[in-house]
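Chains as they are written, first to last, in the numbering used here: chain A, 1 to 167; chain B, 1001 to 1167. Below: the structure, in structure tokens.
2 protein chains.
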Amino acid sequence: MGRLDGMTAMAPARNEPDLSFLLDHTSHVLRTQMSAALAEVGLTVRMHCVLVHALEEERTQIQLAELGDMDKTTMVVTVDALEKSGLAERRPSATDRRARIIAVTEEGARVAARSQEIVDRVHREALGALPKQEREVLLRALNRLAEGHLAVPSADGTARRARQQVK
Amino acid sequence: MGRLDGMTAMAPARNEPDLSFLLDHTSHVLRTQMSAALAEVGLTVRMHCVLVHALEEERTQIQLAELGDMDKTTMVVTVDALEKSGLAERRPSATDRRARIIAVTEEGARVAARSQEIVDRVHREALGALPKQEREVLLRALNRLAEGHLAVPSADGTARRARQQVK
DNA sequence: TATTGTTATACTCTATAACTATA
DNA sequence: TATAGTTATAGAGTATAACAATA
């Protein structure tokens, strides 16, 4: 699952708070824990995300892709995996014959209930390592950042070069 | 610079604190801001990381790779870039003729001073969006997590399959 | 025999392009 | 003309393997 790559110690040996390292490290490690925990029920993070959103209401692949911040081509692969596992099915939309509704199977609903418990448990275990008051302030502060100064990604430095024509 | 991919709303619509989303989102956005800011002085995050560590004392590529949590092959590419920009040079180690010391040039030291200011500024701007007390608790809590429950990555679910023989 | 640094390359991931079928 | 979903594939990133020089 890769490395942190350079974010380790952006502010080394100077006793400056290294927010980059802290956020990258904790999110990276939490993600490995989440992936490992969800693997126990045969899900990836993406599959869990799609299952849960598809259970809420009738949604098309594009709608699910937007909710999970995935590309529509990534969604194809994810739905393929869910279908192969028998957890969801593609059904034609009643109102738009181009679109497919992702219908969660009974088995899919059972797995989703378990996977949601797993997600909550992993989060609880992480937060449980903190004093209650510290935990609440942490969540409030992260929410404030996520909604404010760290709401939207900066213009993409890694912008792709103009793509070569395929044919 | 990619997406968050499924981490968006691990705990949707349930008013559960979604630590995965918060950490992934904030670290992702901060990273885009950092990359964009460092691009102003022609550096990547990795180049900055290597420069700063190489300035502290005489270090070989392998030592710098470990400090920055990079693969040694990634370090080759990073040092190539630093050399091409005239910011660092490979020098033979006096004690081990296999190893190369990464020596920062004068220009490299100037750039590193500026890039460190940029890193600190980006961090200050992010943290500045928070009330002072909240900021301090956030850093304390993240440190506690990074040193405790979220210290080391979980066994890698994405383990590579056995590699095919090359020749 | 082990390690440093290098090159070459295989693997994974993601996104772009192009296509089909609808709208 | 535009959009939903699909397929194919380009491109970037990263890690593995093999190698030369040296320990």
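In this text, a Cβ means the ideal position worked out from N, Cα and C, and glycines have one as well.
Residue i - containing beta strand (DSSP E), residue span
i	result
residue 1097 of chain B	It is not in any beta strand (DSSP E) - residue 1097 of chain B carries neither H nor E in the DSSP assignment.
Alpha-carbon spacing of residue i relative to residue j, whole angstroms
i	j	result
residue 1035 of chain B	residue 105 of chain A	43 Å
residue 131 of chain A	residue 1040 of chain B	40 Å
residue 1101 of chain B	residue 1087 of chain B	14 Å
residue 97 of chain A	residue 123 of chain A	40 Å
residue 150 of chain A	residue 1094 of chain B	46 Å
residue 1165 of chain B	residue 1037 of chain B	A caution first: residue 1165 of chain B carries a pLDDT of 49, below 50, which makes its placement in the model unreliable, though a value can still be read off. When rounded, the distance between both Cα atoms is 42 Å.
residue 77 of chain A	residue 1045 of chain B	32 Å
residue 81 of chain A	residue 74 of chain A	11 Å
residue 19 of chain A	residue 1136 of chain B	11 Å
residue 1060 of chain B	residue 1108 of chain B	17 Å
residue 85 of chain A	residue 1070 of chain B	36 Å
residue 72 of chain A	residue 62 of chain A	6 Å
residue 1170 of chain B	residue 1083 of chain B	Past the edges of chain B, shown from 1001 to 1167, lies residue 1170 of chain B, and the structure says nothing about it.
residue 1103 of chain B	residue 1092 of chain B	10 Å
residue 143 of chain A	residue 152 of chain A	13 Å
residue 1042 of chain B	residue 119 of chain A	40 Å
residue 17 of chain A	residue 1117 of chain B	13 Å
residue 1079 of chain B	residue 1058 of chain B	15 Å
residue 1251 of chain B	residue 110 of chain A	Given a span of 1001 to 1167 for chain B in the structure shown, any question on residue 1251 of chain B remains unanswerable.
Where the alpha helix (DSSP H) through residue i begins and ends
i	result
residue 38 of chain A	19–39
residue 135 of chain A	132–147
residue 52 of chain A	45–56
residue 1082 of chain B	1072–1084
residue 1127 of chain B	1106–1127
residue 1067 of chain B	1061–1067
Rounded Cβ spacing between residue i and residue j (contact assumed at less than 8 Å)
i	j	result
residue 1139 of chain B	residue 23 of chain A	Not a contact, Cβ separation roughly 11 Å.
Contact under 8 Å by Cβ, residue i with residue j
i	j	result
residue 1112 of chain B	residue 1055 of chain B	yes
residue 1048 of chain B	residue 1154 of chain B	no
residue 1141 of chain B	residue 148 of chain A	no
CA nearest to the CA of residue i, picked from the options
i	options	result
residue 1053 of chain B	B:1077, B:1129, B:1064 and B:1142	B:1064
residue 50 of chain A	A:33, A:90, A:20 and A:152	A:90
residue 1145 of chain B	A:4, A:17, A:26 and A:146	A:26
residue 28 of chain A	A:57, A:152, A:126 and A:120	A:126
residue 68 of chain A	B:1062, B:1021 and B:1120	B:1021
residue 33 of chain A	A:103, A:121 and A:152	A:121
residue 1004 of chain B	A:58, A:4, A:66 and A:43	A:66
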